[in-house]
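Visitor: Structure incoming, see below.
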Amino acid sequence: MAEAHPVGFQWVMEAKLRGATVVHVDPRYTRTSAQADLHVPIRTGTDIAFLGGLVNYVLTHQKDFREYVVAYTNAPMILREDFRDTDELDGLFSGFDPEGRAYSTETWAYATEGGGSGGEEGGRPGHRGHEQETARPEQHGMGGASTADRPLTDPTLRHPRCVYQVLKRHFARYTPELVAEVCGVPEELFERVAEAVTANSGRERTTAFCYAVGWTQHTVGVQYIRTAAILQSLLGNIGRPGGGIMALRGHASIQGSTDIPTLYNLLPGYLPMPDAHDHPDLAAYVEPDSQKAGWWGNMRAYTVSLLKAWWGEAATEDNDFCFDHLPKTTGDHGTYRTVLDQIAGKVKGYFVVGENPAVGSANGKLQRLGLANLDWLVVRDLVEIETASFWKDGPEIETGELRPEEIGTEVFLLPAASHTEKDGSFTNTQRLLQWRHKAVEPAGDARSELWFYYHLGRLLRERLAGSTDPRDRPLLDLTWDYPVSGERAEPDAAAVLREINGVGPDGALSTYAELRDDGSTACGCWIYCGVYAGERNRAAARTPRSEQDEVALDWGWAWPANRRILYNRASADPQGRPWSERKRYLWWDEERGRWTGRDVPDISVDKHPDYRPSEDARAQEALGGDAPFIMQNDGRAWLFAPEGTLDGPLPTHYEPTESPCGNALYGQRANPVLQTYRHPENPLNPADGAPGADRFPYVFTTYRLTEHHTAGGMSRTLPYLNELQPEFFCEVSPELAEERGLRHLEWATIVTARTAIEARVLVTRRMRPLKVRGRTLHQVGLPYHWGHGGLSPGDPANDLLAVVLDPNVHIQEAKAASCDIRPGRRPRGPALLDFVAEYRSGGEGGARPADRVHEGQSARGAEPPGPHEDGAPDGHRGNGHRPPAPSRPDRRGRKRDR
Amino acid sequence: MTADRTEQSASEAPMEWLSASLAGPLADPATDAGHPHPPERVGFFTDTSVCIGCKACEVACKEWNLVPPTRDEAPDLLGTSFDNTGELSANSWRHVAFVEQRVPAGTGGRPAEAVDLGMPQPPPAERDRAPEAAPGADGGAAEGVRWLMSSDVCKHCTHAACLDVCPTGALFRTEYGTVVVQEDICNGCGYCIPACPYGVIGKREDDGRAFKCTLCYDRLGSGLEPACATACPTDSIQFGPLEELRERANARLERLHEAGTAEARLYGADPGDGVGGAGAFFLLLDEPEVYGLPPDPVVTTRDLPDIWRHAALAAGVAAAAVAAAFLGRR
């Protein structure tokens, strides 16, 4: 956190000054470790085992906050008889379809009074394999399936099939010994962490978890966060001051670009993108959610208001509020799928904005081969980033795989205004919108994103004016009337914020509770409703902390409803009394008949703690006054997820796709439903036990340095920042340096089946070998900021990665993979391809190629090793697929048959 | 010892006035320098125990003061942990040192062995060798690491030798008690460079003149804090009236000692030290040498009166001898 979020880390330092204990779990000893009370070096990719160990510790030592757990979590819910856990199925949950490599979630549901399944569609995820997965998982994750029948419960938590007991059995194997064996964390160190966490949780105290992409970029990333959520729910650390799980986002307003998404499968406010097959009309789209208890029950109001914000007068009851104008998904349209479709010639044009995928994305070669096979490419950035210059100086030009004169892509590089040169808002990790005002006019031709898209839309609409083609209607019907000002006709950013906030007959709306499903309200993003309440831009509120309490309700505006702590109803007991005076935050005021406290209540302000819904109550009215988790249809925090995740209702430890270790827990080695793409340039290193696995005996992880910004476009081009970390380097322990003959400040070559890169060597004791499953495991650290452009050209670390993804959210496994490392620089030009081919094929005798950097002999045409054993029942997904015979793509970036 | 000497020197006329302004405790350097009604003396307290090594101070300083990049052409990886600035110089007025130490496992306590002094770079030939290898995973497990970070800066000494030796008056004592080089007066003679006991000031190669931290003299006049202190996210760099900073530092030191951080100590906070107390002082977690700071800095002009006295005496003796020689001839 100190490395990548130094400004946010000041609050950790402040907490530390006030006596907080700071524990840092990270494969490397970083700037954060330097300030932590305890640093726990961990094998990368094993956090579920570590967190699972903590869950087990809490349950075994009965350290859970029992009243909170019984009242506010789904611990008492009883599961169906046919649910089977991983212990019984050697690492699989019930419902696994080996052919489709997907789960049917039917058996994960609660047992209900009617005896039926609680799941709305039963085995929906398995219906059409992985291709159809769009955004319903995200939405279910927030809301849950509709439950017509009441689930059976056991408040004593003794029923063998209640969630509490299932959880206890599930995590029983995650002992300190197992944590030591899997994670390489000594038992006593683990126990110190467990003691610190449990001693600082309960009625009087709370513990917070902070994580960044070190948790998310795994094939089980979603389940990492789930494990933390289970732990925090058991300890009563959700919805209370000083608790929570903080997602530290990758850069400014990434939270904002999820809320108002740049994701293919979401509409603003986490509404799923409609599916072309499942959602022929608005009614079909909103139907699954409309039956739900909780705030998702108002799905139709949110959707109709969004449609009204976009298509205004044109959207009427009669035409389904222009629902047909919305684009629909037909399958996976994620960024990696799109890149493969570019290579296959199916995608012709590409906008790249505020991103540098040629450096920042996994398997950079795939990215660049895709870029080289487009008709046109628009890059808007501050400088000429590698994604715009790949055609003249990319790594594939050096190797001869691509030739500039044969790349047909027309590149439009357009200068973008920086954040100081435009008005707008940032939404930070705390869901806080903060307005920034333009300080200076952008120089030269640089323009804001708002300017660019507004005028692009205006010109397109002008060209289409008068068209009678129905496909042009969505564009022509758009409300595109933002006021502009100045010489450059800059649109008014505050007017856009007001549209996002929403308007009704009386002007700007104050809260999403005012949204209607009859077309009388318009709202661009329901969760942002209220940011412009009273016609005032509340994101621009800046009352200093000296003039308000530390909750600081008048600094910026937090969604939803300016609530600073989500689910803060949980800070009081079921009767509405604070759990403790020390952690007093929100409570029921019986005299005034309302919730009161320091924050905006996360419950209807006058809903009595004793309120119980009637049979026909719907949406939020269907939740009782003692149900804090108001986005869930049962009002409870989910220890067990009956729906919403595609890879299991409980987190369980799987090894990273590429791991030099087997799974200590089950025969199933890696996530059985992980997502990957078969492509000749996306081969996987053989995993543990497979032939050739010993060629890649080390583990590497990628990360950021304080001195640079992500893929480097904003830092490698600036002399002041570049000189602070002027060269790409790898971090290795003295022990690994000794083992492989690496010398401080000399060069090393790091190799995977994808490519080989070179880096200067930093030998440091901050990297430590770990004892894992009876052997010494070495980890290599690689900052991923460098690319072939800028003031300090260097090889991109992400080029080493394969595209293997978490099935829920399609995030790449960038934080754990296997590699080899050897002294010396990598081969140049076409020799690099030969060198990598030799690694892929195993060279002579299948062993690691001899240490002959620069002299790699051609091994092309050699037979690839057989299918890798990954422990999966079926080898056609996961890392079981056969690496391709090495071959060179032809000059247009496509593969030639050999 | 310093004080003794000073007293001794001070008691000896006719060098008394000179001695007082060159060494020993001095309550108010600004008045001493001729400012009739100066504002409070200001300075920095750099608390290295909360430094996270983000280097925002280095960048903010360069941005505000238009300091050129340290090394224009293809800056090189220095290999001294995460420090690629190396030292304070004409083009680096703040420098964050990174010191990696081996400590007994899990203590975070005092180092068993310092492996990196954060000192200026040895020649490349010596750097090429990797740090000595450890006994292996098992042996390594018995040890942890500690990573110290510290943002160094000009000390704005009470007795500033750079200022004393400057022949043009380019270096002067401001009304805030700080020491500043005036770019338009400096003639590039370079006397100030060896005079500094900390190696702070340097000459800009392509320019010839000497540059160093001004404690953002231009910002102070507008009621602003120096750029580095403003940028520091953890308040490791604190700016304010020197007296207040010393009190704050003593309180912080006491707190750290109570918390068991026995190795914490202040550096440069003592008005009785060799430079009469620094205007920019530090809280360190190890010996000053570990951070590349001299353990017992002394203003290099301290002995100037003595030297002059001895020179005068020698000249007198020589004159007497010459005279005697002539007289003796008679």
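Here the protein sequences line up with chains E and G, keeping their order. For the first sequence, the UniProt record's numbering assigns the number 1 to the initial residue and increments by one for each residue that follows. For the second sequence, the UniProt record's numbering assigns the number 1 to the initial residue and increments by one for each residue that follows. Heads up, the beta-carbon is just placed ideally off N, CA and C, and yes, glycines get one too.
#1: Tell whether a beta-carbon distance below 9 angstroms holds between VAL299 of chain G and ALA170 of chain G.
#2: Can at least three beta-carbon pairs, one atom from the stretch 518-533 of chain E and one from the stretch 493-500 of chain E, be found at a separation below 8 angstroms?
#3: Using beta carbons (cut-off 9 angstroms, strictly below), is ALA141 of chain G in contact with chain E?
#4: In this structure, does DSSP put HIS868 of chain E in helix, strand or coil?
#5: Give me whichever residues DSSP pairs with CYS210 of chain E in a beta bridge.
#6: Starting from the beta carbon of PRO69 of chain G, find every residue of chain E whose beta carbon is closer than 9 angstroms, and list them in chain order.
#7: In chain G, which residues lie less than 8 angstroms from ALA34 of chain E when you measure between Cβ atoms?
#8: In chain order, what residues of the same chain lie with their CB nearer than 7 angstroms to the CB of ALA324 of chain G, ignoring the 5 residues before and after it?
#9: According to DSSP, which residues form a beta bridge with TRP588 of chain E?
#10: For PRO122 of chain G, does the count of other Cβ atoms within 10 angstroms reach 16, so buried, or fall short, so exposed?
#11: Along the chain, where does the beta strand (DSSP E) containing HIS95 of chain G start, and where does it finish?
#12: Is the beta carbon of TRP311 of chain E closer than 9 angstroms to that of LEU464 of chain E?
#13: Under 9 angstroms between the Cβ atoms of ALA227 of chain G and GLY43 of chain G?
#14: Is the Cβ of ALA56 of chain G closer than 9 angstroms to any Cβ of chain E?
#15: Would you be able to state if there are at least three C-beta pairs under 8 angstroms between the stretch 185-205 of chain E and the stretch 786-796 of chain E?
#16: Applying the criterion that 16 or more other CB atoms from any shown protein chain within 10 Å of the CB defines a buried residue, is ASP206 of chain G buried or exposed?
#17: Mind listing the chain E neighbours of ASN84 of chain G? Cutoff is C-beta to C-beta under 8 angstroms, in chain order.
#18: Along the chain, where does the alpha helix (DSSP H) containing ILE225 of chain E start, and where does it finish?
#19: Using a Cβ-Cβ cutoff of less than 8 angstroms, which residues in the same chain neighbour THR227 of chain E once the five nearest sequence positions on both sides are dropped?
#20: Kindly list, in the order they appear in chain G, the residues whose Cβ is closer than 7 angstroms to that of HIS785 of chain E.
#21: Quick one: which residues of the stretch 225-251 of chain G get their C-beta closer than 8 angstroms to a C-beta of chain E? List them in chain order.
#22: Considering just the uninterrupted stretch of the beta strand (DSSP E) at HIS39 of chain E, what are its terminal residues?
#23: Which whole-angstrom value is the C-beta distance of VAL163 of chain E and LEU639 of chain E, which I expect to be below 8 angstroms?
#24: Is the distance from the Cβ of TRP391 of chain E to the Cβ of LEU371 of chain E below 9 angstroms?
#25: Which chain G residues sit within Cβ distance under 8 angstroms of TYR29 of chain E?
#26: Could you tell me the alpha carbon to alpha carbon distance between GLU243 of chain G and MET13 of chain E, rounded to whole angstroms?
#27: I'd like to know if the stretch 201-209 of chain E and the stretch 689-698 of chain E are in contact, where contact means that at least 3 CB-CB pairs between them fall below 8 angstroms.
#28: In three-state DSSP terms, what is PHE321 of chain E?
#29: Please state whether DSSP places GLN367 of chain E in a helix, a strand or coil.
#30: Which of the three DSSP states is assigned to TYR350 of chain E in this structure?
#31: Can you check DSSP and say which residues form a bridge with TRP435 of chain E?
#32: Quick check: PRO680 of chain E and GLU386 of chain E, are their CB atoms within less than 9 angstroms of each other?
#33: Taking 9 angstroms as the CB-CB cut-off, is ASP76 of chain G touching chain E?
#34: So which residues on chain G does THR706 of chain E lean against when the C-beta distance must stay under 9 angstroms?
#35: Within 10 Å of its beta-carbon, does THR752 of chain E have 16 or more other beta-carbons around it, so buried, or fewer, so exposed?
#36: Check whether chain E comes within 9 angstroms of GLU63 of chain G, counting only Cβ atoms and requiring the distance to be less than that.
Guide: The answer reads as follows:
#1: no
#2: yes
#3: Any reading at ALA141 of chain G must be qualified, since the residue scores a pLDDT of 43, below 50, and its modelled position is unreliable; the value itself is stated next. True, the Cβ-Cβ gap to chain E drops below 9 angstroms.
#4: For HIS868 of chain E, the predicted model reports a pLDDT of 36, less than 50, meaning its position is unreliable; a value from the coordinates is still stated below. Correct three-state label for HIS868 of chain E: coil.
#5: E:MET246
#6: PRO719, TYR720, ASN722 and GLU723
#7: ILE52, GLY53, ARG146, TRP147, LEU148 and MET149
#8: none
#9: E:TRP595
#10: Here PRO122 of chain G scores only 41 on pLDDT, less than 50, and its place in the model should not be relied on; the value that follows carries that caveat. Counting Cβ neighbours within 10 Å, PRO122 of chain G comes out exposed, since fewer than 16 surround it.
#11: 94-104
#12: no
#13: no
#14: yes
#15: no
#16: exposed
#17: GLU723, LEU724, GLN725 and PRO726
#18: 221-234
#19: ASP47, ILE48, LEU51, GLY52, VAL55 and PRO651
#20: Chain G residues near HIS785 of chain E: none, gap ~13 angstroms exceeds 7 angstroms.
#21: PRO233, THR234 and ASP235
#22: 38-40
#23: 5 angstroms
#24: yes
#25: VAL145 and TRP147
#26: 25 angstroms
#27: no
#28: helix
#29: helix
#30: strand
#31: E:SER425
#32: no
#33: yes
#34: ILE52, GLY53, CYS54, LYS55, ALA56 and PHE82
#35: buried
#36: yes
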